[in-house]
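Number of protein chains: 2
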Amino acid sequence: MKTVPERIAAFRSAMEKAGCDIFIMPSSDPHSSEYAPAHETAWEYFSGFSCENANLLITRSEAALWVDGRFFGAADKALAGTGVQSMHMGVKGVPSVLAWLGVRLKEGSVLGYNAETMPLHNMRQLKEVCDSCGAKLVDLPLVDEVWVEDRAPLPSTPAWILGKEYAGMEASEKLAVLRDKLKALNCTAELVTKLDCLAWLLNLRASDVDCTPYALAFCYVDMDKAVLFMDYSRLSDDAKAYLSACGVELRGYKEMPAFLAENTKSETVLIDPASLNASLNNALHSNSAFTVVEGSDPLAMLKAVKNETELECTRKAHIYDASAMVRFQIELEKRMAAGEKLRETDIDSILHKYRSANPGFIVESFPTIAAYGPNAANMHYAPKAGSDAELQPKGYLLVDSGATYYTGTTDITRTYTLGELSYEEKLAYTRVLRCHIDVAMAVWKEGATGGELDMLARQPMWRHMLDYRCGTGHSVSHVGAVHEGPHSLRPHNGVAFVPGMIITNEPGIYEEGSIGIRIENELECVEAGESEYGKFLRFEPITFVPVEMSSVLVEELTREEKDWINHYHAQVFEKISPLLNAEETEWLKNKCAAV
Amino acid sequence: MKTVPERIAAFRSAMEKAGCDIFIMPSSDPHSSEYAPAHETAWEYFSGFSCENANLLITRSEAALWVDGRFFGAADKALAGTGVQSMHMGVKGVPSVLAWLGVRLKEGSVLGYNAETMPLHNMRQLKEVCDSCGAKLVDLPLVDEVWVEDRAPLPSTPAWILGKEYAGMEASEKLAVLRDKLKALNCTAELVTKLDCLAWLLNLRASDVDCTPYALAFCYVDMDKAVLFMDYSRLSDDAKAYLSACGVELRGYKEMPAFLAENTKSETVLIDPASLNASLNNALHSNSAFTVVEGSDPLAMLKAVKNETELECTRKAHIYDASAMVRFQIELEKRMAAGEKLRETDIDSILHKYRSANPGFIVESFPTIAAYGPNAANMHYAPKAGSDAELQPKGYLLVDSGATYYTGTTDITRTYTLGELSYEEKLAYTRVLRCHIDVAMAVWKEGATGGELDMLARQPMWRHMLDYRCGTGHSVSHVGAVHEGPHSLRPHNGVAFVPGMIITNEPGIYEEGSIGIRIENELECVEAGESEYGKFLRFEPITFVPVEMSSVLVEELTREEKDWINHYHAQVFEKISPLLNAEETEWLKNKCAAV
Numbered sequence: 002m003k004t005v006p007e008r009i010a011a012f013r014s015a016m017e018k019a020g021c022d023i024f025i026m027p028s029s030d031p032h033s034s035e036y037a038p039a040h041e042t043a044w045e046y047f048s049g050f051s052c053e054n055a056n057l058l059i060t061r062s063e064a065a066l067w068v069d070g071r072f073f074g075a076a077d078k079a080l081a082g083t084g085v086q087s088m089h090m091g092v093k094g095v096p097s098v099l100a101w102l103g104v105r106l107k108e109g110s111v112l113g114y115n116a117e118t119m120p121l122h123n124m125r126q127l128k129e130v131c132d133s134c135g136a137k138l139v140d141l142p143l144v145d146e147v148w149v150e151d152r153a154p155l156p157s158t159p160a161w162i163l164g165k166e167y168a169g170m171e172a173s174e175k176l177a178v179l180r181d182k183l184k185a186l187n188c189t190a191e192l193v194t195k196l197d198c199l200a201w202l203l204n205l206r207a208s209d210v211d212c213t214p215y216a217l218a219f220c221y222v223d224m225d226k227a228v229l230f231m232d233y234s235r236l237s238d239d240a241k242a243y244l245s246a247c248g249v250e251l252r253g254y255k256e257m258p259a260f261l262a263e264n265t266k267s268e269t270v271l272i273d274p275a276s277l278n279a280s281l282n283n284a285l286h287s288n289s290a291f292t293v294v295e296g297s298d299p300l301a302m303l304k305a306v307k308n309e310t311e312l313e314c315t316r317k318a319h320i321y322d323a324s325a326m327v328r329f330q331i332e333l334e335k336r337m338a339a340g341e342k343l344r345e346t347d348i349d350s351i352l353h354k355y356r357s358a359n360p361g362f363i364v365e366s367f368p369t370i371a372a373y374g375p376n377a378a379n380m381h382y383a384p385k386a387g388s389d390a391e392l393q394p395k396g397y398l399l400v401d402s403g404a405t406y407y408t409g410t411t412d413i414t415r416t417y418t419l420g421e422l423s424y425e426e427k428l429a430y431t432r433v434l435r436c437h438i439d440v441a442m443a444v445w446k447e448g449a450t451g452g453e454l455d456m457l458a459r460q461p462m463w464r465h466m467l468d469y470r471c472g473t474g475h476s477v478s479h480v481g482a483v484h485e486g487p488h489s490l491r492p493h494n495g496v497a498f499v500p501g502m503i504i505t506n507e508p509g510i511y512e513e514g515s516i517g518i519r520i521e522n523e524l525e526c527v528e529a530g531e532s533e534y535g536k537f538l539r540f541e542p543i544t545f546v547p548v549e550m551s552s553v554l555v556e557e558l559t560r561e562e563k564d565w566i567n568h569y570h571a572q573v574f575e576k577i578s579p580l581l582n583a584e585e586t587e588w589l590k591n592k593c594a595a596v
Numbered sequence: 002m003k004t005v006p007e008r009i010a011a012f013r014s015a016m017e018k019a020g021c022d023i024f025i026m027p028s029s030d031p032h033s034s035e036y037a038p039a040h041e042t043a044w045e046y047f048s049g050f051s052c053e054n055a056n057l058l059i060t061r062s063e064a065a066l067w068v069d070g071r072f073f074g075a076a077d078k079a080l081a082g083t084g085v086q087s088m089h090m091g092v093k094g095v096p097s098v099l100a101w102l103g104v105r106l107k108e109g110s111v112l113g114y115n116a117e118t119m120p121l122h123n124m125r126q127l128k129e130v131c132d133s134c135g136a137k138l139v140d141l142p143l144v145d146e147v148w149v150e151d152r153a154p155l156p157s158t159p160a161w162i163l164g165k166e167y168a169g170m171e172a173s174e175k176l177a178v179l180r181d182k183l184k185a186l187n188c189t190a191e192l193v194t195k196l197d198c199l200a201w202l203l204n205l206r207a208s209d210v211d212c213t214p215y216a217l218a219f220c221y222v223d224m225d226k227a228v229l230f231m232d233y234s235r236l237s238d239d240a241k242a243y244l245s246a247c248g249v250e251l252r253g254y255k256e257m258p259a260f261l262a263e264n265t266k267s268e269t270v271l272i273d274p275a276s277l278n279a280s281l282n283n284a285l286h287s288n289s290a291f292t293v294v295e296g297s298d299p300l301a302m303l304k305a306v307k308n309e310t311e312l313e314c315t316r317k318a319h320i321y322d323a324s325a326m327v328r329f330q331i332e333l334e335k336r337m338a339a340g341e342k343l344r345e346t347d348i349d350s351i352l353h354k355y356r357s358a359n360p361g362f363i364v365e366s367f368p369t370i371a372a373y374g375p376n377a378a379n380m381h382y383a384p385k386a387g388s389d390a391e392l393q394p395k396g397y398l399l400v401d402s403g404a405t406y407y408t409g410t411t412d413i414t415r416t417y418t419l420g421e422l423s424y425e426e427k428l429a430y431t432r433v434l435r436c437h438i439d440v441a442m443a444v445w446k447e448g449a450t451g452g453e454l455d456m457l458a459r460q461p462m463w464r465h466m467l468d469y470r471c472g473t474g475h476s477v478s479h480v481g482a483v484h485e486g487p488h489s490l491r492p493h494n495g496v497a498f499v500p501g502m503i504i505t506n507e508p509g510i511y512e513e514g515s516i517g518i519r520i521e522n523e524l525e526c527v528e529a530g531e532s533e534y535g536k537f538l539r540f541e542p543i544t545f546v547p548v549e550m551s552s553v554l555v556e557e558l559t560r561e562e563k564d565w566i567n568h569y570h571a572q573v574f575e576k577i578s579p580l581l582n583a584e585e586t587e588w589l590k591n592k593c594a595a596v
């Protein structure tokens with residue numbers, strides 16, 4: 002395997018030959034995925050650092066990787082000595098990618114990019130900077146040219162159809178709903194290119210991306226038909242028959258550009274510039290039969306507001322998942338008490354043992370984050386065998402994990418007390434818990450947005466000028482990706498919550514080199530009722546796992562917060578104890594005791 | 002004086018002659034003022050009901066007045082039997098003005114309006130509805146034709162210049178800042194037509210509108226000069242000289258259209274379609290020398306972020322104002338204790354006695370709201386001699402009042418306990434206080450908007466599916482209007498708070514027929530400090546008047562809320578007692594005792 006400097010040197014040679022001055026690699030793939038298949042992770046290969054939401058820029062003499070707050074510490078460490086600079090996104094004094102380009106691009110400079118992995122919206126921003134500098138933005142195949150060895154092939158895992166008993170609607174019904182939405186937008190067709198939207202639309206699943214049960218595919222939907230572009234050899238005959246009955250035709254993964262070129266029928270096609278890749282956009286504009294309309298993908302909202310079947314299934318998934326979490330914690334406590342030397346990587350093994358025994362288990366929904374002590378300050382810490390920490394009988398162990406079952410996808414974090422805690426450690430934990438509860442018990446008048454609700458989460462932090470450098474919560478796809486939009490609990494998010502939406506509630510404290518604490522449940526948005534003042538909404542937890550209370554400074558909680566946690570723990574006991582044996586039930590009773 | 006039905010009948014005759022099917026009268030004036038001079042209040046004259054933020058619509062057979070939540074109860078009462086329907090804005094099942102028009106306008110219908118009092122933005126919405134119905138929108142002078150008797154003349158009160166010691170900047174400096182802002186927007190001129198913006202820009206004050214120290218005027222500002230359109234005969238020689246030295250030319254109030262027609266120089270003029278009246282917009286578009294650019298008026302933000310002098314002066318105004326509030330309450334308590342029969346209208350007299358004795362007093366900043374018992378459910382209740390309630394030794398008296406001094410404008414509400422209270426009355430008061438405190442002690446990361454902060458205010462209400470049908474708070478102009486934009490504490494307001502902004506914090510409970518409670522302070526946005534997580538902001542109260550605590554269920558407050566109120570009362574005592582005599586000081590000490 003080449004070293005990072007060797008990889009970058011090879012890339013610079015290719016840049017020189019192509020007359021390219023700067024090359025940009027975003028953390029994207031042809032589907033604007035958050036988690037790309039290994040085949041597309043050029044920014045990771047050339048920087049040597051694994052992360053999402055990043056941008057790697059390479060000039061003839063510099064290289065710099067922009068990472069978000071979750072990765073600051075880890076990137077600093079990993080990039081040290083590689084010649085790649087670690088750039089902290091959004092931090093005062095650190096230029097944005099566009100600003101950094103603005104001072105480096107000159108009249109006549111060439112900024113290279115790969116149109117297939119660049120969302121249209123981002124391509125336009127780059128074009129604007131290039132225009133203002135007199136530079137050229139050029140689609141160059143340098144990644145494919147240089148990155149040949151050590152590169153994973155395009156994935157092609159078995160693909161299957163999620164049954165209506167789990168999905169709530171047949172693909173044919175969903176296509177009909179989508180067509181109605183398109184008509185309302187005066188469109189006759191749409192390019193569906195995001196994997197989560199496509200998976201929802203066609204009830205299609207596979208395992209092309211680690212921990213994310215999707216198939217690499219594109220779809221073209223018009224009023225009469227849908228054309229699915231994927232390696233369809235991996236579909237069972239039943240799945241093929243199902244899709245065919247839904248009016249879905251099959252073509253190869255790479256055939257969409259050719260298909261678009263062939264079309265002669267006049268169509269008004271909806272595209273979402275935030276996710277459509279620049280290459281497909283070019284293909285579309287090359288055929289004058291298409292009138293292109295840009296807008297948000299209506300599938301995002303259709304998918305985000307779960308139907309009754311999806312909700313019921315998901316609630317079941319969480320009950321099973323909680324029983325695994327309970328058994329995991331009992332084993333952890335026992336083995337720690339017995340003085341056994343456990344390491345961070347053991348956590349995933351224990352969790353996997355219990356989760357995989359649950360009915361309908363498919364896969365973990367993301368790589369388990371098991372972070373002991375200061376390691377937890379890295380929000381997305383991934384322990385590695387050999388370098389992982391040994392658990393000591395003191396401080397905190399943060400475990401963020403989840404699974405996808407046929408019934409749904411889960412995401413949960415608990416921060417376990419392994420022994421002695423300082424006052425500061427307890428205070429930090431208590432503040433995180435207060436943030437968590439203040440969101441969980443929110444009630445709001447219909448129309449309130451994620452940005453407005455996020456304000457509630459952060460008050461217990463902000464009053465002490467503390468914060469966490471990430472959203473408070475994200476949506477979770479149904480039997481799908483663990484992160485989805487469009488709603489989120491995050492400053493300035495403008496999407497109003499609607500009953501049936503699911504959101505994680507995961508405030509935290511992360512102090513580099515010392516501590517990391519996070520408490521995460523999933524919440525469902527439900528109706529609270531109606532009064533003369535209008536309709537009110539609230540959240541109902543769907544995660545039912547005890548929250549460690551021995552590390553809480555109870556006197557810091559308000560009465561309402563105490564009432565909330567007591568009510569929550571009563572629910573946990575009621576819902577999870579039926580799945581447990583007598584010893585486990587006794588353990589749970591203790592953990593759920595009222596404060 | 003004609004009755005309301007007589008006035009409407011006369012108006013309908015004029016409509017018939019003009020071929021007009023429906024006529025719309027918004028609560029506006031040529032300056033899009035919230036409070037119009039009496040001369041322009043056609044919607045009040047023809048409906049017989051006084052209010053802001055309204056729309057009166059008259060057809061040949063129907064009449065309907067749209068009012069907002071503050072006026073629901075009062076409008077229902079006042080309009081009963083007049084033939085004018087009371088329409089509750091924003092309530093489910095009540096059509097909006099535009100929806101109501103949509104079902105009444107037919108192919109060929111004529112919707113009449115007065116372009117001089119119709120903001121461009123609203124005119125466009127009307128035009129859109131007319132277009133969709135095949136109706137015509139026609140500028141008709143029917144109001145001037147019908148409303149001749151009982152109509153106040155255009156006001157022309159003495160006008161004067163607010164000195165730099167109060168304003169912080171000379172008009173010439175403000176003009177220079179505005180010109181810089183215009184340049185940054187690629188504009189060379191602006192029409193300044195909002196009275197508050199104009200008053201701020203030129204340090205010009207008068208008393209043309211009740212309780213609002215402004216002069217009716219328009220201003221045209223380009224890179225070389227400013228032209229002020231007003232009845233300038235009322236300016237002193239000093240004021241004229243001041244304006245002249247600032248490069249301001251004077252013309253008559255009605256001469257702007259002629260001035261715009263005369264212009265031959267090519268100018269790119271900024272207008273704000275939210276406030277420019279449709280008539281001036283026509284005048285501008287009739288002259289091809291003008292290129293019109295639409296955008297927000299930069300003066301709104303310049304004015305809303307107070308300078309150091311404005312802030313210092315305002316803080317002083319509030320200290321004096323608080324001493325008057327304290328003396329008022331002492332007198333109220335004494336006279337009630339002596340068994341005196343006081344009425345609601347007495348409240349303003351007592352307040353005026355103390356306020357007007359303060360240095361630099363100019364005028365009340367709005368008509369005092371003194372509402373006893375159920376009358377307080379009407380947020381903008383105006384007691385009238387003869388029909389006002391007598392105060393009883395039980396329940397609540399809500400007093401919302403304020404004054405404009407040379408140093409600043411104040412706005413404060415206290416809800417006084419006159420005697421016995423039920424548990425429900427105490428609970429309601431406690432909830433309002435919690436809302437108030439939760440905003441007052443907010444800390445947030447730079448960038449948070451008024452909509453996001455509003456969420457904090459309403460949680461103690463929303464958790465019980467209660468609400469108040471108004472914003473939580475508004476900005477206050479410096480020596481000016483008691484309401485100003487662009488920031489506010491209100492759901493979905495998107496303006497980020499900036500140090501130097503002032504905002505009222507006035508949550509309330511209003512239950513028709515039973516109760517009205519409001520607690521209002523003014524707050525200044527200040528820096529809270531900076532940490533590794535960024536810059537944090539918070540509020541600092543500038544109103545220092547004790548909050549009645551005998552009506553609070555103290556056990557319902559959180560520890561943080563108790564700490565806040567104790568700290569606040571300590572500040573009140575420290576800041577106000579130096580202005581009081583020994584007896585008053587003793588009284589204040591009691592009121593400020595820690596809970």
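From first to last, the protein sequence lines stand for chains A and B.
Everything in the first sequence is counted per the working numbering, starting at 2 for the first residue and increasing by one.
Everything in the second sequence is counted per the working numbering, starting at 2 for the first residue and increasing by one.
The C-beta atom is built at its ideal place from N, Cα and C for all residues, glycine as well.
Shown here for K427(B): same chain residues with a beta carbon closer than 8 angstroms to its own, the five before and five after excluded, namely S552, V553, L554 in chain order. In this structure, DSSP gives F540(A) an extended state, which the three-state scheme calls strand.
Judged by DSSP in its simplified three-state form, F72(A) adopts helix. Contact between L138(A) and V327(A) does not hold, since their C-beta atoms are separated by about 54 angstroms, which reaches or exceeds 8 angstroms. The region 338-426 of chain A contains, as complete beta strand (DSSP E) runs of 3+ residues, the segments 362-365, 370-373, 397-402, 404-406, 413-418 (chain order). Contacts between W463(A) and chain B, judged by CB atoms closer than 7 angstroms, involve V444, W445, K446, F537 in chain order. The alpha-carbon of V193(A) is positioned some 14 angstroms away from that of P258(A). For the pair of segments examined, the region 462-470 of chain B was found not to touch the region 480-495 of chain B: the number of CB pairs separated by less than 8 angstroms stays below three.
By the rule that beta-carbons nearer than 8 angstroms mark a contact, E453(A) touches chain B.
Not a single CB atom of chain B sits nearer than 8 angstroms to the CB of Y254(A). Beta-bridge pairing by DSSP links A227(A) to V222(A), V249(A).
Within 10 angstroms of the beta-carbon of G169(B) lie 16 or more other beta-carbons, which makes it buried.
Distance check between R464(B) and each of L58(A), G535(A), L66(A) places G535(A) closest, using alpha-carbon atoms only.
Short of 6 angstroms from the beta carbon of H381(A), and not among the five residues preceding or following it, lie these beta carbons of its own chain, in chain order: R71. One Cα belongs to Y215(B), the other to P542(B), and the distance between them is close to 27 angstroms. Within the model, the alpha-carbon separation for S133(A) versus G296(A) is close to 26 angstroms. Listed along chain A, the residues sitting closer than 8 angstroms to A449(B) by beta-carbon distance are M456, P492.
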